[in-house]
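Peer 1: Just so you know, we're using the working numbering here: the sequence shown kicks off at 1 and counts up by one.
The structure is given below, and queries will be raised subsequently.
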Amino acid sequence: MSAGTIVLWRHGQTEYNASKRLQGQVDIALNETGRAQAARAAEVLAALEPTRIVTSDLVRAAATARALGDLTGLEPAPDARLRERSFGDWEGLTAEQIRSGWPEAWAAWRQGKEPDGVGAETRSDAGRRVAEAVEEVAADLGRDDVLVVVAHGAAITLGQSVLLGLDPAAWFGLTGLDNCRWTSMHPNPGREPAWRLAGYNIGAEE
Numbered sequence: 001m002s003a004g005t006i007v008l009w010r011h012g013q014t015e016y017n018a019s020k021r022l023q024g025q026v027d028i029a030l031n032e033t034g035r036a037q038a039a040r041a042a043e044v045l046a047a048l049e050p051t052r053i054v055t056s057d058l059v060r061a062a063a064t065a066r067a068l069g070d071l072t073g074l075e076p077a078p079d080a081r082l083r084e085r086s087f088g089d090w091e092g093l094t095a096e097q098i099r100s101g102w103p104e105a106w107a108a109w110r111q112g113k114e115p116d117g118v119g120a121e122t123r124s125d126a127g128r129r130v131a132e133a134v135e136e137v138a139a140d141l142g143r144d145d146v147l148v149v150v151a152h153g154a155a156i157t158l159g160q161s162v163l164l165g166l167d168p169a170a171w172f173g174l175t176g177l178d179n180c181r182w183t184s185m186h187p188n189p190g191r192e193p194a195w196r197l198a199g200y201n202i203g204a205e206e
């Protein structure tokens, strides 16, 4: 048994998003725009009649999840495994600050390699922990159930890569979700991978 639909929903905008700073696991709140985004998106997602909501325990994701919980009466369950990928020393910095301070690690990162020496979590480690959290909750649900998972840009991309049977260390085929947009998947019974992609970067205005 497994949930019939999984929705992976990125949190609303923060001031770090607006100023193009790398957030990682910095626990920063939604800004005014992000709160409005969450409210609009929650109205659309509530129509899916979600069965369960799980969320990263970082405040920007938890507040986004709360907007949907308030409409549905569901209590979002926090799970630290859904946190954003950790970027170590780079968290809170702009691209220019990273490029000037760590030119070799920056160049490696832009080429799809791991940025050594900055304390960043690997793509594989982040993807596996997110996928594990999603699969664990989904396995407790049935085919008519809708699971909404509220997380972060890189966390969703990497976790979804694992769920789709891909190697997040070597495959870069998913663009990052925009703030407060989501992706959906359904089970793929009897086939590989176990999940199939149904929609990507879906927004409240669509």
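Just so you know, even glycine gets a beta-carbon here, dropped at the ideal spot from N, CA and C.
The structure displayed is predicted, hence computed values, not measured ones.
(1) Can you list, in chain order, the stretches of the alpha helix (DSSP H) that have 4 or more residues and sit fully within the region 147-171?
(2) With burial defined as no fewer than 16 other Cβ atoms inside 10 Å of the residue's Cβ, what is the status of Glu121: buried or exposed?
(3) How would you call Ala42, buried or exposed, if buried means at least 16 neighbouring beta carbons within 10 angstroms?
(4) For Ala105 and Leu141, what's the separation of their Cα atoms in angstroms?
(5) Determine, using beta-carbon pairs with one atom in the region 77-87 and one in the region 52-69, whether at least three such pairs fall under 8 Å.
(6) Give me whichever residues DSSP pairs with Val7 in a beta bridge.
(7) Going by C-alpha to C-alpha distance, which of Arg21, Ala67, Ser2, Thr5 sits closest to Gly12?
(8) Give me the Cα-Cα distance between Leu163 and Ile156, rounded to the nearest whole angstrom.
(9) To which residues of the same chain is Leu18 closer than 8 Å at the C-beta, ignoring the five residues directly before and after it?
(10) Runs of 3 residues minimum, wholly inside the region 47-84: which ones carry the beta strand (DSSP E) assignment?
(11) Where does Ile28 sit, in a helix, a strand or coil, going by DSSP?
(12) The beta strand (DSSP E) with Arg129 in it runs from where to where?
(13) Using DSSP with H/G/I as helix, E/B as strand and the rest coil, what is Thr33?
(14) Which value, in whole angstroms, describes the spacing of the CA atoms of Pro189 and Ala138?
(15) For Arg110 and Gly73, what's the separation of their Cα atoms in angstroms?
(16) So the candidates are Arg123, Ile6, Met1; which of them puts its Cα closest to the Cα of Gly24?
(17) Give the secondary structure of Gly199 by DSSP, where H, G and I count as helix, E and B as strand, and everything else as coil.
(18) Can you check which of these residues, Ala126, Gln160, Arg21, is closest to Trp90 by C-alpha distance?
(19) Do you know whose CA, among Gly4, Arg128, Ala204, lies nearest Arg181's CA?
Peer 2: On the basis of the data shown:
(1) DSSP runs (the alpha helix (DSSP H)) wholly in the region 147-171: 153-163.
(2) Residue mapping note: residue 121 aligns to position 121 of the sequence shown, counting from 1. When all chains shown are included, Glu121 counts as buried.
(3) Reading the sequence shown from its first residue, position 42 is the one you call residue 42. By the C-beta density criterion, Ala42 is buried, having at least 16 other C-beta atoms within 10 angstroms.
(4) Indexing the sequence shown from 1 puts residue 105 at position 105. Indexing the sequence shown from 1 puts residue 141 at position 141. One C-alpha to the other measures close to 42 Å.
(5) yes
(6) Numbered from 1 along the sequence shown, position 7 holds the residue referred to as residue 7. Bridge partners of Val7: Val148, Ser184.
(7) Start at 1 with the first residue of the sequence shown, and residue 12 comes out as number 12. The option with the nearest alpha carbon to Gly12 is Ala67.
(8) Position 163 of the sequence shown, counted from the start, is the residue given in the question as residue 163. Position 156 of the sequence shown, counted from the start, is the residue given in the question as residue 156. Their Cα atoms are separated by approximately 10 Å.
(9) Working through the sequence shown from its first residue, we reach residue 18 at position 18. Correcting the residue identity first, residue 18 is Ala in this sequence and not Leu. Result list for Ala18: Asn31, Thr33, in chain order.
(10) Segments of the beta strand (DSSP E) lying fully in the region 47-84: 52-55.
(11) Here residue 28 refers to the residue found at position 28 when the sequence shown is read from its first residue. Reduced to three states, the DSSP call for Ile28 is coil.
(12) As a working mapping, residue 129 is identified with position 129 in the sequence shown. Here Arg129 belongs to no beta strand (DSSP E); instead the alpha helix (DSSP H) covers 123-138.
(13) The residue you call residue 33 lines up with position 33 of the sequence shown. Helix at Thr33.
(14) Start at 1 with the first residue of the sequence shown, and residue 189 comes out as number 189. Start at 1 with the first residue of the sequence shown, and residue 138 comes out as number 138. Across the structure, Pro189 and Ala138 are spaced so that their CA atoms are roughly 14 Å apart.
(15) Position 110 of the sequence shown holds residue 110. Position 73 of the sequence shown holds residue 73. Those two C-alpha atoms are separated by around 42 Å.
(16) Taking the sequence shown and counting its residues from 1, one reaches residue 24 at position 24. The residue with the shortest Cα to Cα distance from Gly24 is Arg123.
(17) Looking up residue 199 in the sequence shown gives position 199. Reduced to three states, the DSSP call for Gly199 is strand.
(18) Sequence index remark: in the sequence shown, residue 90 carries index 90 (1-based). When each option's Cα is compared against that of Trp90, the closest is Arg21.
(19) Reading the sequence shown from its first residue, position 181 is the one you call residue 181. The residue with the shortest Cα to Cα distance from Arg181 is Ala204.
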